[in-house]
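Below is one structure; the comments refer to it alone.
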Amino acid sequence: VRAVIGLRAKLRTKHSGHFGSTSGEKGKFGLTAIQIVRVVRKLGQVGMLDCLELLHFHIGSQIPSTALLSDGVTEAAQLYCELIRLGASKMKVIDIGGGLGIDYDGSKSGESDLSVAYSLEEYAAAVVESVRLVCDQKSVKHPVICSESGRAIVSHHSVLIFEAVSASQQHETPSDIEFSLESYSEEAQGDYENLYVAAKRGDHESCLLYVDQLKQRCVQEFKEGSLSIDQLAGVDGLCGWVVKAIGASDPVLTYNVNLSVFTSIPDFWGIDQLFPIVPIHRLEQRPVARGILSDLTCDSDGKIDKFIGGESSLPLHEMDNDGGCSEGRYYLGMFLGGAYEEALGGVHNLFGGPSVVRVLQSDGPLGFEVTRAVMGQSSADVLRAVQHEPELMIQTLKDRAEKAGGYEENGELVASCLDRSFNNMPYLSMETSANALTAAVSNLGVYYRDEAAAGGGKDGNGLISVD
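Count the sequence shown with UniProt numbering and you get residues 1 to 467, in order.
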């Protein structure tokens, strides 16, 4: 059997931007010109030069422009023709690797890692034309052109759906917290009088200075033990109302979302990759708030505060004062994350992967059907992944509960709660424990919650990846 051999070339063409770090002469992959010549000579010496049939290269992901693409393909086409000139007469395939980019931000710009300045048709035309020109110039038969554009193929296949469970702001304006001036120290009362005078004359700049001075003084008195927590809360509430009244409050809210950035959107944390994120319902209503997203992890990097278009906040709908939403639960969707996010995600803070729902196009009345629904990793699953033994941990906790007393009366309840806590996903569960996620073909594939399906299984949580 004669082997079929291909070469991967390290092109000199340098790809700009983050994704081009493994291109050019200092690239990570491929054979240099010197190495290619040596390989050709070696194959010739052993009578196997006719086995060489393919030339492969890869400039890098997210090629920003057809100009750069044509430059790299032209260099590769010259190499292809040179291999034939050196005696590799059976050469017939050029594999251009990946590089077909995704326009994440919709700008169609070649100056950003988040966009590309061409369409699919323009990309293909640039490749074919570059190969044709070189081969015609060298009187070489046109090769078969292959590509491996993974990002472009799979980015659209997955949508991450997650819930915003609450929203908070820096300056609260509570109606149930009282402020009684007489209960504060003379110094704090003096700060309040200065604030009152400044507010009365409309001096907003001085108001902010006195607000800060009053809060700092009261915090210090609290640390010294001369101010109660009720008094401290009263000052915070008063200052919040003042800041809001003069229009100086930060309009950006923090939306607490039921996900882990490190598990579900690792490229945002790792390489500042941005993805389109939008609400997936209440679309008939104009978003009137702006917010950043804060995840469940205890890590300060567990937030999303950079968005498409250079924005530092996201247009969102308001939530109730108690953190909820008057029109039901509030879900957001992250799009174009199908290429790498699921594979790269880890279990930082022991948050596992999301539940997965597989949706296929259908000729049915809805135009789609859900063919599969798989719950995400339970807490026990994640513990096993980091080499712990959840069964042993559960038994140890049960033994300790029994020794603590009162186990005879509540033993079954304690055992049930422990089992459920390990079988649940580690995310916030916003439903009763009896609810389970189910997909039923008999229900036209519509995704629904089935109380009878729980039966000791894992609870559903507000984090879903849709294929």
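Virtual Cβ for every residue (Gly too), placed ideally from N, Cα, C.
Bear in mind the structure is a predicted one, so any value in this text is a computation, not a measurement.
Return the first residue and the last residue of the beta strand (DSSP E) that residue i is part of.
{"i": "Cys146", "result": "144-146"}
{"i": "Ile277", "result": "277-279"}
{"i": "Tyr427", "result": "Where Tyr427 is concerned, there is no enclosing beta strand (DSSP E), given that its DSSP letter is neither H nor E."}
{"i": "Ser155", "result": "Segment: none, Ser155 is in no beta strand (DSSP E) and carries neither H nor E."}
{"i": "Met334", "result": "330-334"}
{"i": "Leu360", "result": "355-361"}
How about residue i and residue j: are their beta carbons less than 9 Å apart?
{"i": "Phe351", "j": "Ser260", "result": "yes"}
{"i": "Gly17", "j": "Gln62", "result": "yes"}
{"i": "Leu332", "j": "Phe162", "result": "yes"}
{"i": "Ser23", "j": "Leu7", "result": "no"}
{"i": "Ser418", "j": "Lys398", "result": "In the sequence under discussion, the amino acid at residue 418 is Leu, which differs from the Ser named in the question. Against a cut-off of 9 Å, the Cβ pair of Lys398 and Leu418 comes out as a contact."}
{"i": "Ala339", "j": "Ser155", "result": "yes"}
{"i": "Val93", "j": "Cys146", "result": "yes"}
{"i": "Phe422", "j": "Ala385", "result": "no"}
{"i": "Val378", "j": "Pro315", "result": "With the sequence shown as reference, residue 378 is identified as Ser, and Val is not the correct amino acid for it. Result no, Cβ atoms of Ser378 and Pro315 do not sit closer than 9 Å."}
{"i": "Ser168", "j": "Asn256", "result": "yes"}
{"i": "residue 472", "j": "Ala164", "result": "Outside the modelled stretch of the chain, which goes from 1 to 467, sits residue 472, for which no answer is possible."}
{"i": "Phe19", "j": "Asp103", "result": "no"}
{"i": "Ala242", "j": "Val219", "result": "For the sequence presented, residue 242 should be read as Val rather than Ala. Cβ atoms of Val242 and Val219: not closer than 9 Å."}
{"i": "Asp191", "j": "Gln213", "result": "yes"}
{"i": "His142", "j": "Val127", "result": "no"}
{"i": "Leu68", "j": "Met91", "result": "no"}
{"i": "Arg2", "j": "Asp50", "result": "yes"}
{"i": "Asp267", "j": "Glu341", "result": "yes"}
{"i": "Asn194", "j": "Ser206", "result": "yes"}
{"i": "Tyr80", "j": "Val144", "result": "no"}
Taking the DSSP output, what are the residues bridged to residue i?
{"i": "Gly6", "result": "Leu54"}
{"i": "Leu79", "result": "According to DSSP, Leu79 bridges with nothing at all."}
{"i": "Glu311", "result": "Phe307"}
{"i": "Ala167", "result": "Tyr255"}
{"i": "Leu31", "result": "Ala9"}
{"i": "Asp381", "result": "Note: Asp381 sits in no beta bridge, so no partner."}
{"i": "residue 479", "result": "Nothing in the structure corresponds to residue 479, since the chain is present only between 1 and 467."}
{"i": "Asp316", "result": "Reading off the sequence, residue 316 comes out as Leu, not Asp. Ala289, per the DSSP bridge assignment."}
What are the boundary residues of the alpha helix (DSSP H) that includes residue i?
{"i": "Thr371", "result": "Run containing Thr371: none in the alpha helix (DSSP H); it sits in the beta strand (DSSP E), 368-374."}
{"i": "Asp236", "result": "229-245"}
{"i": "Gly270", "result": "266-271"}
{"i": "Leu293", "result": "From DSSP, Leu293 is part of no alpha helix (DSSP H) but of the beta strand (DSSP E) over 289-294."}
{"i": "His204", "result": "204-224"}
{"i": "Ser130", "result": "120-137"}
{"i": "Asn349", "result": "That residue, Asn349, is in no alpha helix (DSSP H); it is neither H nor E in DSSP."}
{"i": "Arg400", "result": "390-403"}
{"i": "Lys200", "result": "186-200"}
On a CA-only basis, which of the options is nearest residue i? Give me that one, please.
{"i": "Ser70", "options": "Leu49, Leu114, Leu100", "result": "Leu100"}
{"i": "Pro287", "options": "Ile59, Tyr330, Gly225, Thr297", "result": "Tyr330"}
{"i": "Leu209", "options": "Leu227, Ser185, Ile246", "result": "Ile246"}
{"i": "Gly87", "options": "Ile308, Tyr118, Ile96, Met48", "result": "Met48"}
{"i": "Gly291", "options": "Asn194, Gly240, Val252, Val278", "result": "Val252"}
{"i": "residue 475", "options": "Asp419, Arg400, Glu402, Gly270", "result": "Since the first residue shown for the chain is 1 and the last is 467, residue 475 is missing from the structure and cannot be characterised."}
{"i": "residue 474", "options": "Leu43, Glu82, Arg420", "result": "This structure cannot settle anything about residue 474, because the visible part of the chain is limited to 1 through 467."}
{"i": "Ser429", "options": "Leu120, Leu296, Ser149, Ser119", "result": "Leu296"}
{"i": "Leu283", "options": "His317, Val1, Tyr255", "result": "His317"}
{"i": "Val221", "options": "Asp212, Trp241, Tyr184", "result": "The identity of residue 221 in the sequence shown is Glu, whereas the question assumes Val. That would be Tyr184, whose Cα lies nearest to the Cα of Glu221."}
{"i": "Ser139", "options": "Ala77, Asp105, Ser65, Asp363", "result": "Ala77"}
{"i": "Glu75", "options": "Lys14, Val40, Tyr123, Ser65", "result": "Lys14"}
{"i": "Asn349", "options": "Leu383, Trp241, Leu120", "result": "Leu383"}
{"i": "Ser313", "options": "Leu227, Ile277, Ser228", "result": "Ile277"}
{"i": "Ser149", "options": "Gly190, Gly97, Glu111, Ala126", "result": "Gly97"}
{"i": "Glu186", "options": "Cys207, Ile153, Leu227", "result": "Leu227"}
{"i": "Val39", "options": "Ala9, Ala67, Thr66", "result": "Ala9"}
{"i": "Ser115", "options": "Glu121, Asp105, Ala124", "result": "Asp105"}
{"i": "Gln387", "options": "Val347, Asp230, Thr66", "result": "Val347"}
{"i": "Ala233", "options": "Lys244, Gly225, Lys215", "result": "Lys215"}
Sorry if obvious, but does the Cβ on residue i come closer than 8 Å to a heavy atom of the ligand FMN?
{"i": "Glu224", "result": "Only the bare structure without any ligand can be found here, which leaves the ligand FMN out of the picture."}
Is there a C-beta anywhere in chain D that falls below 9 Å from the one on residue i?
{"i": "Lys14", "result": "Judged by its chain identifiers, the structure shown contains no chain D, having just a single protein chain."}
TODO: Could you tell me whether the region 297-310 touches the region 261-269, using the rule of 3 or more Cβ pairs below 8 Å?
DONE: Three or more Cβ pairs closer than 8 Å define a contact, and the region 297-310 meets that threshold against the region 261-269.
TODO: Evaluate contact between the region 361-377 and the region 191-206, counting only Cβ atoms and requiring at least three cross-stretch pairs below 8 Å.
DONE: No: the two stretches stay apart, fewer than three of their Cβ pairs being nearer than 8 Å.
TODO: Would you be able to state if there are at least three C-beta pairs under 8 Å between the region 22-33 and the region 50-67?
DONE: Yes, they touch.
- [ ] Inspect the CB distances between the region 335-344 and the region 145-160 and report whether three or more fall short of 8 Å.
- [x] yes
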